[in-house]
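A.B. asks: Take 189 as the starting number for the sequence shown in the working numbering and just add one per residue.
Even for Gly, the Cβ is constructed at its ideal location relative to N, Cα and C.
Structure incoming, see below.
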Amino acid sequence: MKKKISAFLGPTNTGKTYSAIQRLLKYESGVIGFPLRLLARENYEFAKKKLSINKVALITGEEKIIPKNARYFFCTVESIPERLDFEFVAIDEVQMASDFERGYIFSEKIFNKKGIKETLFLGSRGIENILLKIYPEIQIFKKPRLSKLSYIGYKNLSRLPKRSAIIAFSQVDVYEIANKIKQTHGGVSVVLGALSPEVRSAQVKLFEDGKVDYIVATDAIGMGLNLDIKNIFFSSIKKFDGFNERYLTYDEISQIAGRAGRFSNDGYFGTTCNLKSLNNNTVNFVENYEYTEIKKIYWRNEKLDFRSQRQLISSLSQRPVEKYLKLKKNANDHRYLKIFLDDKECKNKSLNEKNLKILWEVCSVPDYSKNLDEYHTRFLKKIFFYLVSEEERISDEWVKKNLSYINKFTKKIAELNYKISQIRTWSFISFKNNWIENNLILQNKVKELELKLSIKLHEELI
């Protein structure tokens, strides 16, 4: 039987994700990979209402809920299970393959993770030509937006219409704006990545249930959180992307503004706070659902050679053949590996293939705290040495010491943020079955601690 490969491409509010879930449920098994853990969680919750709870699984870097008989998986793209085969596979927001930071991960899934019966790609029309180059036989369905999107100019915070979302690009701005809205309008929800899934869900529910009419959020909302928003207001169009402060691209503005309007209800976008207006080119781009054609996507060789340190580095640096592929250099794990192989102790302990594979797996532990490489690799080095020791496990004592340090009381917002990012790293580690003696106990401890810190952060920010 010929495998079906298709794509739903179009702007926001075209029903792409909803249609993908309907298709998923027609099969015996399936997986959808999302760009954000918030999105994976949201769609997992949606599927749980339609199916029996033991058929649905959620997998992100820091959260894994996998019932024994799970058939439908909702994952972040990075967390799609490699060793499981599914009848249906969908990848959401495939235009992210052109993203500098994570693009190569999306590209790897586009190339290699296919459904036994059907593979579906969801995203912007900007990636259309790239998909046609990879899969000339692909069926492309161009999805029109279900409602109109219009610019309504500047509105002062005190004059914001109901059912509005205000977009800010720093935690401090999010809560400062929320505080001003609260004083004027009486109630507001806050959504940002640092809050635990439980606290974030509670905030979203307040808005969804109509208990508050305003929500202040970071740009994560642009990646598809399906809220009943009528208006989107930008407080700024500049963000810090981890390297520089930069202006949002037209496509990013369009993606965020497109969250206004749901199904056939029209949506509106405008500006507030210090951002007095958007220029005509930006407004026309958004209102006409334009897109920028993607010329190249990031790529990295996934067939790695662990026979020697030199061969591993060489296989990571292999150049792509196709002109539309751009080699991803110096990804975080690649950078950590080079640091380890310059370290005499690590170099000596990773001379055989088994230990080199362990070292590479350790390099995949994300640095949610955005520490300096030197600090994060010191932490990873400790893990690596435990895993190649006689016990082949991370010491319980060392885990307890780290968690008790994170658990120390503080009211300082910066410290609470840092502790939450640290606990996210421990959450990732807790799902490595072969690294920890009692990893289920650790998972529960980590979850409790994240919830406690998240509530505390929310209280302090309020």
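Within its chain, find whatever has a CB closer than 6 Å to the CB of Gln-631; leave out the 5 residues flanking it on each side and keep chain order.
C.D. replies: So the qualifying residues of the chain are Ser-618.
A.B. asks: If you measure between the beta carbons of Asp-401 and Lys-330, is that distance less than 7 Å?
C.D. replies: Their beta carbons are not under 7 Å apart, which means Asp-401 does not touch Lys-330 by this criterion.
A.B. asks: Identify whether Cys-461 lies in helix, strand or coil by the three-state DSSP scheme.
C.D. replies: In the structure shown, Cys-461 sits in coil (DSSP, three-state: anything other than H, G, I, E or B).
A.B. asks: Jot down the residue ranges of each uninterrupted beta strand (DSSP E) in the segment 210–283, minimum 3 residues, whole runs only, in chain order.
C.D. replies: Complete beta strand (DSSP E) runs here, min 3: 218–222, 244–247, 260–264, 276–279.
A.B. asks: Please specify which runs of the alpha helix (DSSP H), each continuous and at least 4 residues long, are wholly inside the segment 294–344, giving them in chain order.
C.D. replies: Correct list: 316–322.
A.B. asks: Determine the closest residue to Leu-492 out of Ser-503, Lys-484, Ile-482, Tyr-486, with distance taken between C-alpha atoms.
C.D. replies: Minimum Cα distance to Leu-492 is reached at Ser-503.
A.B. asks: Put Asn-419 into one of helix, strand or coil per three-state DSSP.
C.D. replies: Strand, per DSSP.
A.B. asks: Classify Ile-254 as buried or exposed, calling it buried when 16 or more other Cβ atoms lie within 10 Å of its own Cβ.
C.D. replies: Under this definition Ile-254 is an exposed residue.
A.B. asks: What does DSSP give as the partner residues of Leu-513 in its beta bridges?
C.D. replies: Looking at the DSSP assignment, Leu-513 forms a beta bridge with Ile-485.
A.B. asks: What three-state label does DSSP hand Glu-478 in the structure shown?
C.D. replies: Glu-478 falls in the coil class under three-state DSSP.
A.B. asks: Checking the sheet assignment: what are the DSSP bridge partners for Leu-197?
C.D. replies: Leu-197 pairs with Gly-311, Lys-330.
A.B. asks: Could you check whether Trp-623 and Ile-582 sit closer than 7 Å to each other, using their CB atoms as the reference points?
C.D. replies: Contact flag set, yes.
A.B. asks: For Ala-366 versus Ile-608, is the C-beta spacing smaller than 7 Å?
C.D. replies: Result no, Cβ atoms of Ala-366 and Ile-608 do not sit closer than 7 Å.
A.B. asks: Consider the Cβ of Leu-515: report whether some Cβ of chain D lies at a distance smaller than 7 Å.
C.D. replies: No chain D appears in the structure shown, which is made up of a single protein chain.
A.B. asks: Hey, Leu-529 and Lys-537: beta-carbon distance below 7 Å or not?
C.D. replies: Not in contact: Leu-529 and Lys-537 (Cβ atoms no closer than 7 Å).
A.B. asks: Among Arg-498, Asp-555, Ile-527, which has the Cα closest to the Cα of Leu-539?
C.D. replies: With distances taken between Cα atoms, Leu-539 lies closest to Arg-498.
A.B. asks: Please determine, among Asn-468, Glu-475, His-522, the residue with the shortest C-alpha to C-alpha distance to Arg-490.
C.D. replies: Inspection of the sequence shows that residue 490 is occupied by Glu rather than by Arg. Residue His-522 is the option with its Cα nearest to Glu-490.
A.B. asks: So the candidates are Ala-278, Asn-231, Lys-640; which of them puts its Cα closest to the Cα of Ser-217?
C.D. replies: Of Ala-278, Asn-231, Lys-640, the residue nearest in Cα terms is Ala-278.
A.B. asks: What distance in whole Å lies between the Cβ atoms of Pro-199 and Gly-446, which are believed to be in contact at a cut-off of 8 Å?
C.D. replies: Right, the Cβ-Cβ distance comes to about 6 Å (below 8 Å), so this counts as a contact.
A.B. asks: Using only the alpha-carbon positions, how far apart do Gly-374 and Gln-391 sit?
C.D. replies: Whole-angstrom Cα-Cα distance: 15 Å.
A.B. asks: Hey, how far is the Cα of Thr-205 from the Cα of Asp-280?
C.D. replies: So the two alpha carbons sit approximately 8 Å from each other.
A.B. asks: Name the two residues that bound the continuous alpha helix (DSSP H) containing Ala-602.
C.D. replies: 601–618 is the extent of the alpha helix (DSSP H) around Ala-602.
A.B. asks: Can you confirm whether the segment 455–471 touches the segment 403–423 when touching is taken to mean that 3 or more C-beta pairs between the two stretches lie within less than 8 Å?
C.D. replies: A contact exists between the segment 403–423 and the segment 455–471.
A.B. asks: Going by CA-CA distance only, name the one from Gly-398, Val-553, Pro-332 that's closest to Gly-203.
C.D. replies: Checked all of Gly-398, Val-553, Pro-332; the closest Cα to Gly-203 is Pro-332.
A.B. asks: Report the CB separation of Arg-313 from Tyr-479 in whole angstroms; it is logged as a contact under 8 Å.
C.D. replies: Indeed, because the Cβ distance is near 5 Å, the residues count as touching under 8 Å.
A.B. asks: To the nearest whole angstrom, what separates the beta carbons of Ser-377 and Ile-355, a pair I think is in contact under 8 Å?
C.D. replies: Between Ile-355 and Ser-377 the Cβ distance is about 13 Å, and since that is not below 8 Å, they are no contact.
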